DNA sequence: CGATCGTTTGATCGAGCTCAAGTACTGTGG
DNA sequence: CCACAGTACTTGAGCTCGATCAAACGATCG
């Protein structure tokens with residue numbers, strides 16, 4: 236039931252039958268998806284305490300991501316049926332699973348966003364750095380976002396490439412460019428984001444409070460949602 | 236509480252406070268994310284009966300996708316607190332929400348996959364067509380995947396571009412190429428995928444039962460997951 | 001029958017990938 | 001402390017693919 240894994244061991248594999256969920260008891264793991272030619276897309280890092288494989292056990296019958304230990308790990312595996320009955324018995328577990336899935340979904344959407352909508356390599360990398368640091372920020376230090384941010388340790392440029400959808404070499408070139416522009420300060424250990432706000436403003440098309448969805452057919456005020464105009468009827472477009 | 240919306244009206248907007256969930260009672264809606272310069276990434280189509288905005292109400296405090304009516308719609312909005320207490324009172328609602336979120340997550344991962352891992356425009360479009368038809372297949376006709384598939388109606392090439400991360404013109408060119416190769420049969424109304432399997436084999440790097448994650452440091456059999464070697468200990472890397 | 005929207009095709013250009021070579025840093029063992 | 005090996009980083013040159021710009025063509029609808 237409990238396993239000790241070495242770095243780079245596979246915890247679960249995309250495409251395989253989703254017969255278990257895995258509780259990551261210690262260590263860290265990369266959540267990624269891969270193509271048959273070896274290219275990787277790293278979605279996020281999972282830390283101790285997280286449950287892996289939720290989406291597959293609940294939904295389709297196969298895992299849709301691969302999880303690979305990035306450091307020595309301890310995991311506990313739980314059979315699908317057991318986990319489902321636990322969730323039934325303890326509503327708190329369901330609630331926790333809901334929040335986990337909601338976060339996973341947001342993370343996947345952010346990845347898709349920057350891959351599709353960032354027009355340049357610099358944009359992709361900037362978004363990746365900002366998304367990554369925000370997602371892995373311990374605690375709720377979202378308010379002091381304008382302060383310098385340390386990028387988590389031991390992420391190679393190759394991994395950065397797999398996060399942002401760029402080649403190793405391009406990652407290197409963009410990092411050099413950001414350094415020249417004073418936006419980041421790469422040490423051997425950390426990449427310090429000197430001015431996250433400026434980085435975001437210059438290169439990112441991130442979800443803002445006022446996003447750019449066209450309101451072509453909508454004559455009404457763009458900021459209104461149905462909840463705010465429950466009595467009104469939308470003018471037919 | 237209930238609203239009638241015209242086509243192209245916005246149901247909920249990414250970045251806005253997640254104060255409500257929305258039950259789509261009739262019509263269809265596009266789930267998308269946008270950049271400030273107007274580029275779009277369409278993740279999927281939501282149909283009548285679906286609950287929209289789940290991920291935001293449960294997780295972070297802001298919607299992370301935009302939902303836009305693609306046909307006239309009826310939606311019912313439900314305040315966040317009300318929905319949360321309903322979920323608490325009726326475990327079935329929680330279970331349903333879990334499955335919805337699991338599917339949404341899988342869908343977002345597929346989008347990120349094809350954006351990052353498909354090496355060519357043809358690959359991106361082929362994956363998009365296949366993902367889209369599978370996700371929107373009514374019922375469980377997954378078994379007869381080798382039969383021709385009709386692509387859902389009224390998806391313009393521009394929308395196909397926003398689904399696959401390509402420009403309109405490139406979508407057109409790739410469609411022409413697929414037609415020349417006998418892979419698809421585009422009518423004015425439908426695109427018929429003549430041979431989905433061949434299309435997938437030629438152009439897609441989709442999650443197969445034997446994906447290409449490197450097992451560099453793992454000496455053990457690649458197909459083994461921790462659940463299958465619960466008594467064994469991984470050899471320290 | 002004209003207007004509008006969607007599709008088709010061509011020409012050009014540039015960003016980023018690939019290939020290739022070279023450099024810096026880390027850790028290990030003597 | 002130094003030599004060595006391995007890994008990661010850096011930089012350059014060339015080239016390919018898809019975006020962009022531009023211009024018709026076709027269908028549908030009022």
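Chains as they are written, first to last, in the numbering used here: chain A, 236 to 472; chain B, 236 to 472. Where a beta carbon is used, it is the ideal one built from N, C-alpha and C, also for glycine. Predicted model, so just to flag it, every value in this text is computed and none were measured.
Neighbours of residue 334/B in chain A, taken as residues whose beta carbon is under 8 angstroms from its own, are 293 and 294 in chain order.
Residue 332/B and residue 301/A have their C-alpha atoms roughly 23 angstroms apart. Sequence-distant partners of residue 359/A (beyond 5 residues in either direction) whose C-beta falls short of 8 angstroms from its own C-beta, in its chain, are 349, 350, 353, 399, 400 and 401. A Cβ-Cβ separation of about 29 angstroms leaves residue 356/B out of contact with residue 304/B under the 8 angstroms criterion. According to DSSP, residue 261/B shares a beta bridge with 309/B. From the listed residues 433/A, 334/A and 251/A, the smallest Cα separation to residue 384/A is found for 433/A. For residue 405/B, the enclosing alpha helix (DSSP H) stretches over residues 403-415. Sequence-distant Cβ neighbours of residue 266/A in its own chain, meaning closer than 6 angstroms and more than five residues away, are 278, 279, 281, 300 and 302.
Across the segment 347-365 of chain A, CB contacts with chain B closer than 7 angstroms involve 347, 348, 350, 351 and 352, in sequence order along the chain.
Taking C-beta separations shorter than 7 angstroms and ignoring five residues to either side along the sequence, the partners of residue 252/A in its chain run 296 and 297, following chain order. Distance check between residue 427/A and each of 439/A, 438/A and 364/A places 364/A closest, using alpha-carbon atoms only.
Close to residue 440/A, with beta-carbon spacing below 8 angstroms, are these residues of chain B in chain order: 270, 271, 272 and 274. Close partners of residue 400/B in chain A (Cβ separation under 8 angstroms): 350 and 351.
Assignment of residue 304/B by DSSP, reduced to helix, strand and coil, places it in the strand class. With a threshold of 16 other beta carbon atoms within 10 Å, residue 236/A falls short and is exposed.
Under the Cβ distance rule, residue 326/B counts among the residues neighbouring chain A, one pair being separated by less than 8 angstroms. Annotated three-state conformation of residue 421/A is strand, per DSSP.
Residues of chain A with a Cβ closer than 7 angstroms to the Cβ of residue 338/B are, in chain order, 294. The shortest C-alpha to C-alpha distance from residue 361/A to any of 410/A, 425/A and 393/A is the one to 410/A. Straight-line measurement puts the Cα of residue 407/B at about 7 angstroms from the Cα of residue 392/B.
With a 10 Å radius around the Cβ and a threshold of 16 neighbouring Cβ atoms, residue 291/A comes out buried. For residue 280/A, the uninterrupted beta strand (DSSP E) run begins and ends at 275-281, by DSSP. By the Cβ neighbour-count rule, residue 423/B is exposed, with fewer than 16 other Cβ atoms within 10 Å of its own. Annotation for residue 397/B: 267, 274, 275, 276 and 277 place their beta carbon closer than 8 angstroms to its own, counting only its chain and skipping 5 residues before and after. Under the Cβ distance rule, residue 290/A counts among the residues neighbouring chain B, one pair being separated by less than 8 angstroms. In the DSSP annotation of this structure, the continuous segment of the beta strand (DSSP E) that includes residue 427/B starts and ends at 426-428. Residue contact with chain B for residue 300/A: present (Cβ-Cβ distance below 8 angstroms to some residue of chain B). Each residue's CA atom was taken as its position, placing residue 438/A and residue 244/B some 29 angstroms apart.
By the neighbour-count definition (other C-beta atoms within 10 Å, threshold 16), residue 321/B is an exposed residue.
Residue range 384-386 is occupied by the beta strand (DSSP E) that includes residue 386/B. CA-CA distance, residue 429/A to residue 368/A, rounds to 13 angstroms. DSSP, read as helix, strand or coil, puts residue 368/A in helix.
The DSSP-derived three-state label of residue 256/A is strand. Not a single CB atom of chain A sits nearer than 8 angstroms to the CB of residue 370/B. Partner residues in a beta bridge of residue 350/B, as assigned by DSSP, do not exist. Interface flag for residue 343/B against chain A is set, since a Cβ pair is found closer than 8 angstroms.
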